[in-house]
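Structure first, then comments.
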Amino acid sequence: MTEARTIALGGRRIHVSWAARTDVGSVRAVNEDGLLADPPVWLVADGMGGHAFGDRASATLVETFGGLSGDAPVTRDLIVEAVDASNDAIGDLITGDDPPGTVAGTTLAGVALVRSDAGDPLWMVFNVGDSRVYAWTDGRLEQVTIDHSAVQELVDQGRMTRAEAERSPVRNLITRAVGSHDEVAADEWLLPVVDHQVFLICSDGLTKELDDPAISGVLQLARADGGGVDRAADALVAQALAS
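In the UniProt record's numbering, the protein residues as written are 1 to 243.
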């Protein structure tokens with residue numbers, strides 16, 4: 001089901017529509033992904049697979065960011081504060097009764113409609129870990145975020161190609177997560193609000209199964225048949241499960 005809302009900000013009325021999907025898939029017994037789709041914030045959180053409290057970590061982050069939902073304007077500083085608060089709350093999940101080395105953590109990727117210092121509306125894209133935000137504009141798919149992962153660092157250093165990274169046995173190793181250390185910083189981008197802008201926010205449950213051309217193809221088909229974001233979300237999940 002597609003949801004929609006018109007948001008008044010900076011003297012503009014911005015119409016936003018969205019659809020959200022999550023699926024446990026065929027590997028894990030517990031769905032460690034969480035999502036928030038409640039204006040002016042949309043995000044996904046992927047609890048660290050194989051670590052205790054992964055599902056609780058993602059749920060804690062979603063609950064913390066949920067405090068930003070509503071009619072009150074959100075700023076960049078409020079998003080940064082929510083990241084910090086989530087990091088502290090997830091860290092508090094671990095108690096002295098847990099085995100040494102127990103870790104709780106989650107990735108984060110999101111988009112928020114924020115008010116700039118001048119009062120203008122902007123899209124704020126932010127991420128921690130290997131969950132991603134893509135922008136799809138005029139039929140072109142572009143990854144906005146940069147993965148915090150071991151293979152991304154090797155790609156950046158020229159020691160591994162993108163194709164090699166996708167096949168690497170350490171492709172699931174992330175170098176930054178919310179909750180795993182005393183402090184964490186999200187990377188962030190501020191983008192102008194333009195007509196017909198489409199964002200895709202996803203965990204690696206999608207990107208490990210579908211490469212960028214496949215994702216773009218699904219979005220193209222959904223647009224061509226008039227199915228909108230609801231059809232696109234369903235089709236992306238179906239294609240990922242079939243891969």
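Positions of the beta carbon are idealized from the N, C-alpha and C atoms, including for glycine. None of the values given here were measured: they were computed from a predicted structure.
Between the alpha carbons of residue i and residue j, how many angstroms are there, rounded?
i	j	result
residue 230	residue 18	7 angstroms
residue 117	residue 195	22 angstroms
residue 146	residue 108	12 angstroms
residue 175	residue 83	16 angstroms
residue 101	residue 95	11 angstroms
residue 14	residue 201	19 angstroms
residue 252	residue 126	In the structure as shown, the chain begins at 1 and stops at 243. Residue 252 is therefore absent and cannot be evaluated.
residue 36	residue 97	31 angstroms
residue 239	residue 39	27 angstroms
residue 186	residue 149	14 angstroms
residue 62	residue 219	26 angstroms
residue 236	residue 215	7 angstroms
residue 151	residue 157	10 angstroms
residue 137	residue 232	15 angstroms
residue 93	residue 99	13 angstroms
residue 9	residue 241	38 angstroms
residue 172	residue 144	19 angstroms
residue 197	residue 76	20 angstroms
residue 159	residue 170	14 angstroms
Round the Cβ separation of residue i and residue j to the nearest angstrom and send it over; I've been treating them as touching at under 8 angstroms.
i	j	result
residue 21	residue 234	7 angstroms
residue 71	residue 58	About 26 angstroms; that fails the 8 angstroms criterion.
residue 124	residue 190	6 angstroms
Do residue i and residue j have their C-beta atoms within less than 9 angstroms of each other?
i	j	result
residue 178	residue 105	yes
residue 165	residue 154	yes
residue 203	residue 33	yes
residue 128	residue 199	no
residue 7	residue 121	yes
residue 80	residue 188	yes
residue 119	residue 11	yes
residue 205	residue 2	no
Please return the same chain residues whose Cβ sits closer than 6 angstroms to the Cβ of residue i, not counting the five positions on each side in sequence.
i	result
residue 73	115
residue 60	89, 90
residue 23	237
Cutting at 7 angstroms between CB atoms, please list the residues of its own chain near residue i, excluding the five before and the five after it.
i	result
residue 142	134, 135
residue 207	132
residue 130	107, 147, 148, 149, 174, 204
residue 78	68
residue 139	220
residue 243	209, 210
residue 223	none
Looking at the strands, I want to know which residues DSSP matches up with residue i.
i	result
residue 5	16
residue 86	Looking at the DSSP assignment, residue 86 forms no beta bridge with any residue, so it has no partner.
residue 149	174
residue 143	134
residue 255	The question about residue 255 has no answer, for the chain in this structure spans 1 to 243.
residue 106	47, 178
residue 24	In DSSP, residue 24 forms no bridge with anything.
residue 121	115
residue 199	135
Less than 8 angstroms between C-beta atoms, sequence neighbours within five positions excluded: which residues of the same chain meet that for residue i?
i	result
residue 48	32, 54, 57, 103, 104, 105, 106, 107, 174, 177, 180
residue 65	36, 41, 43, 82, 86, 110
residue 16	4, 5, 6, 7, 39, 113
residue 69	36, 38, 39, 40, 41
residue 225	231
residue 161	155
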